[in-house]
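**Student:** Here it is, the structure in full.
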Amino acid sequence: MPRARAAAATSPPLVAPCALAPPPSPSPRQPCARRLTVLYPCARCPWTRRWWESTLFASHRLVCYEEATHDDVAAAHVVVAAFRSPREKREGWEFSRSLVRRLALPAGALRGKVLVHVDDEYGARRAQRAADWAVYCSLYAGWRHVFRNYWSEAWEAMVPRPAEGAAWLPGRLNCSGVCGGGVSPRVEWIPLGWSSNWRPHAAPPRPSTRRGVFLGFYGNEKYQLRPNRAALIGRFEQETGVKVTRHLGRVGFGKGNLSHYERQMRDTQLCLQISGLSAECYRMYESLDAGCVPVVVDQFGQETAAQYRFLLGERRRLAAPPPFLRAAAPAALRGELERLRREPAAVLALQAATARWWNHSLQLLRGRLQHIAWASCEGRRTAAAAAAAAAAAAAAAAGGGRRGF
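The opening position of the sequence shown corresponds to residue 957 in the numbering used here, with each subsequent residue numbered one higher.
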């Protein structure tokens, strides 16, 4: 047996596959705290920690796996988790050793909580086989609700749209035939967020009228892609007639002159979005935070439309569709870009509308995640109360029977 598979075979699953009933935790008399406790893989995913702490879990309590206690696990509403190996999901979750094994947690200790699955880039850009979906179903079973980064046409098919009249509900992962059938956790997308290099500013972004660059792209060239980003920028310039200020090379995520990258983003009015190895890219969210209006071309990304289907308002709209520029091909943007270049006030209005939309969308995303996380605690508390009542009734019945003899 290969070493990786051997490790997977000896590691117990974090959440017992196909076991849906939550354990009686917390105590039926213990109220659910409105301030969420979030377990986070600080050693495994340091690059996205600032995003979560600054946005969706701001003002809540984030506890690193490596520092968590049994009380932290019992109190936790949400578990942010990544696979131990991004390329091999069969090895299971990272927290199987840094949390479950370290604390010797009983099977199902995390059952019934909310899972936020991060860093599964390969799960969206690779074709998934039936065996792969079986792994997802077994690892997602038992969680109250699942949020995940990265989407694709394959995920769209496996998490079908809700029935007519219930469009606000997220779909359920199609797990028929897996784990005996009937295991169908609700799964929905949540934004990827910034990279580790991005430093969000508390001050409002600089107005577009005070920015020196009209349209730009800054990032790694991704020379291994066909076509690569340089070729796509050339096509964009040819079809739109607009020069793209570019800085291709080792900049952006994890590499290059980071302060220079930030200055460029904050001095640019419109930021062209070109995906890398996967469609969802940190640069989208860094652009929004920088006040640089995104420009999205569907043909410039692997399944861009599917990846941003939630963000672009095409499925279970979180807010109104975004006001920023989007088209299937660059040529369709030519007229609008010419108008914006002639009318600085129009760019300023577009920047303001995009900022309002993004702030509103973040509030909705944050509210939804927190509501579901709090409801998961209430669900476990209700189950605990029901179990305690059933146990009391059984004890009373047994006691009554003894008195009757």
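Note that beta-carbon positions come from the ideal geometry of N, C-alpha and C, so glycine has one too.
Kindly indicate the opening and closing residues of the beta strand (DSSP E) around residue 1104.
**Tutor:** Counting from 1 along the sequence shown, the entry for residue 1104 is found at position 148. 1101 to 1104 is the extent of the beta strand (DSSP E) around residue 1104.
**Student:** Among all the DSSP beta bridges, which residues are the ones paired with residue 1056?
**Tutor:** The residue you call residue 1056 lines up with position 100 of the sequence shown. None, per the DSSP bridge assignment.
**Student:** For residue 1165, which of 1331, 1132, 1302 has the nearest alpha-carbon?
**Tutor:** Here residue 1165 corresponds to residue number 209 of the sequence shown, with the count starting at 1. For the residues 1331, 1132, 1302, the minimum Cα distance to residue 1165 belongs to 1302.
**Student:** Output the distance between the C-alpha atoms of residue 1026 and residue 1002, rounded to the nearest integer angstrom.
**Tutor:** Sequence index remark: in the sequence shown, residue 1026 carries index 70 (1-based). Sequence index remark: in the sequence shown, residue 1002 carries index 46 (1-based). Roughly 23 angstroms separates the two Cα atoms.
**Student:** So, using beta-carbon positions, are residue 1253 and residue 1276 closer together than 8 angstroms?
**Tutor:** The sequence position of residue 1253 within the sequence shown is 297, counting from 1. The sequence position of residue 1276 within the sequence shown is 320, counting from 1. Their beta carbons are not under 8 angstroms apart, which means residue 1253 does not touch residue 1276 by this criterion.
**Student:** Give every residue of the same chain whose Cβ lies closer than 6 angstroms to the Cβ of residue 1154, excluding the five residues on either side of it in the sequence, and list them in chain order.
**Tutor:** As a first step, residue 1154 must be located in the sequence shown, where it is residue number 198. The residues are 1242.
**Student:** Using DSSP with H/G/I as helix, E/B as strand and the rest coil, what is residue 1026?
**Tutor:** Residue 1026 sits at position 70 when you count from the first residue of the sequence shown. Helix, per DSSP.
**Student:** Looking at the structure shown, is residue 1225 part of a helix, part of a strand, or coil, going by DSSP?
**Tutor:** As a position in the sequence shown, residue 1225 is number 269, starting the count at 1. Here residue 1225 sits in strand by DSSP.
**Student:** Which same chain residues end up closer than 6 angstroms to residue 1110 when comparing Cβ atoms and leaving out the 5 residues on each side of it in sequence?
**Tutor:** Within the sequence shown, numbered from 1, the residue matching residue 1110 stands at position 154. Once the five neighbours on either side are set aside, the close Cβ partners of residue 1110 are 1084.
**Student:** Along the chain, where does the beta strand (DSSP E) that runs through residue 1020 open and close?
**Tutor:** As a first step, residue 1020 is located in the sequence shown; it is residue number 64 there, counting from the start. Taken as a continuous stretch (DSSP letters only), the beta strand (DSSP E) holding residue 1020 covers 1017 to 1020.
**Student:** What are the partner residues of residue 1201, as DSSP defines its beta bridges?
**Tutor:** Here residue 1201 corresponds to residue number 245 of the sequence shown, with the count starting at 1. In DSSP, residue 1201 forms a bridge with 1172.
**Student:** Can you find at least 3 beta carbon pairs, one from the segment 1020 to 1037 and one from the segment 1067 to 1087, that sit closer than 8 angstroms?
**Tutor:** With a cut-off of 8 angstroms, the segment 1067 to 1087 and the segment 1020 to 1037 count as touching, because enough Cβ pairs lie within range.
**Student:** Would you kindly work out how many angstroms separate the C-alpha atoms of residue 1266 and residue 1251, rounded to a whole number?
**Tutor:** The count along the sequence shown starts at 1 and reaches residue 1266 at position 310. The count along the sequence shown starts at 1 and reaches residue 1251 at position 295. Computed Cα separation, rounded: 17 angstroms.
**Student:** Which whole-angstrom value is the C-beta distance of residue 1036 and residue 1096, which I expect to be below 8 angstroms?
**Tutor:** Position 80 of the sequence shown, counted from the start, is the residue given in the question as residue 1036. Position 140 of the sequence shown, counted from the start, is the residue given in the question as residue 1096. Actually they do not touch by this definition, with Cβ atoms about 14 angstroms apart.
**Student:** In the DSSP assignment, find the unbroken beta strand (DSSP E) run with residue 1091 in it and report its ends.
**Tutor:** Working through the sequence shown from its first residue, we reach residue 1091 at position 135. Unbroken run through residue 1091 is the alpha helix (DSSP H), 1086 to 1096; no beta strand (DSSP E).
**Student:** Return the chain-ordered list of same chain residues with a C-beta closer than 8 angstroms to the C-beta of residue 1076, the five sequence neighbours on each side being excluded.
**Tutor:** As a working mapping, residue 1076 is identified with position 120 in the sequence shown. The answer, listed in chain order, is 1038, 1039, 1042, 1045, 1104, 1105, 1106.
**Student:** Where does residue 1073 sit, in a helix, a strand or coil, going by DSSP?
**Tutor:** To locate residue 1073, count along the sequence shown from 1; it is residue 117. Strand.
**Student:** Rounding to the nearest angstrom, what Cα-Cα distance links residue 1150 and residue 1215 in this structure?
**Tutor:** Taking the first residue of the sequence shown as position 1, residue 1150 is located at position 194. Taking the first residue of the sequence shown as position 1, residue 1215 is located at position 259. One C-alpha to the other measures close to 15 angstroms.
**Student:** Can you grab the Cα-Cα spacing for the pair residue 1287 / residue 1307, in whole Å?
**Tutor:** Taking the sequence shown and counting its residues from 1, one reaches residue 1287 at position 331. Taking the sequence shown and counting its residues from 1, one reaches residue 1307 at position 351. Distance between the alpha carbons of residue 1287 and residue 1307 is about 22 angstroms.
**Student:** Answer with buried or exposed for residue 1225, where buried requires no fewer than 16 other C-beta atoms within 10 angstroms of its C-beta.
**Tutor:** By 1-based counting over the sequence shown, the position of residue 1225 is 269. Result: buried.
**Student:** Taking residue 1229 as the reference, which of 1223, 1171, 1157, 1051 has the closest Cα?
**Tutor:** Here the question's residue 1229 lines up with position 273 in the sequence shown. Nearest C-alpha to residue 1229: 1171.
**Student:** Where do the ends of the alpha helix (DSSP H) carrying residue 1372 lie?
**Tutor:** The shown model of the chain, from 957 to 1361, leaves out residue 1372, and the question about it has no answer.
**Student:** Find the nearest neighbour of residue 1218 within the set 1190, 1196, 1157, judged by alpha-carbon distance.
**Tutor:** Here residue 1218 refers to the residue found at position 262 of the sequence shown. Comparing Cα-Cα distances from residue 1218 to each of 1190, 1196, 1157, the minimum goes to 1157.
**Student:** Report the rounded CA-to-CA distance for residue 959 versus residue 1048, giving the unit in angstroms.
**Tutor:** Indexing the sequence shown from 1 puts residue 959 at position 3. Indexing the sequence shown from 1 puts residue 1048 at position 92. In this prediction, residue 959 scores a pLDDT of 39, lower than 50, which makes its location untrustworthy; the coordinate-derived value is nonetheless stated afterwards. So the two alpha carbons sit approximately 14 angstroms from each other.
**Student:** Excluding the 5 residues preceding and the 5 following residue 1279 in the sequence, name in chain order all residues of the same chain whose CB lies nearer than 7 angstroms to its CB.
**Tutor:** Counting from 1 along the sequence shown, the entry for residue 1279 is found at position 323. Taken in chain order, the residues that qualify are 1306, 1309, 1310, 1313.
**Student:** Roughly how many angstroms separate the alpha carbons of residue 1020 and residue 995, rounded to a whole number?
**Tutor:** The residue labelled residue 1020 in the question sits at position 64 within the sequence shown. The residue labelled residue 995 in the question sits at position 39 within the sequence shown. Distance between the alpha carbons of residue 1020 and residue 995: 6 angstroms.
**Student:** To the nearest angstrom, report how far apart residue 1147 and residue 1101 are at their CA atoms.
**Tutor:** Against the sequence shown, residue 1147 aligns to sequence position 191. Against the sequence shown, residue 1101 aligns to sequence position 145. Roughly 16 angstroms separates the two Cα atoms.
**Student:** Would the beta-carbon of residue 1173 fall within 8 angstroms of that of residue 1237?
**Tutor:** Taking the first residue of the sequence shown as position 1, residue 1173 is located at position 217. Taking the first residue of the sequence shown as position 1, residue 1237 is located at position 281. Contact flag unset, no.
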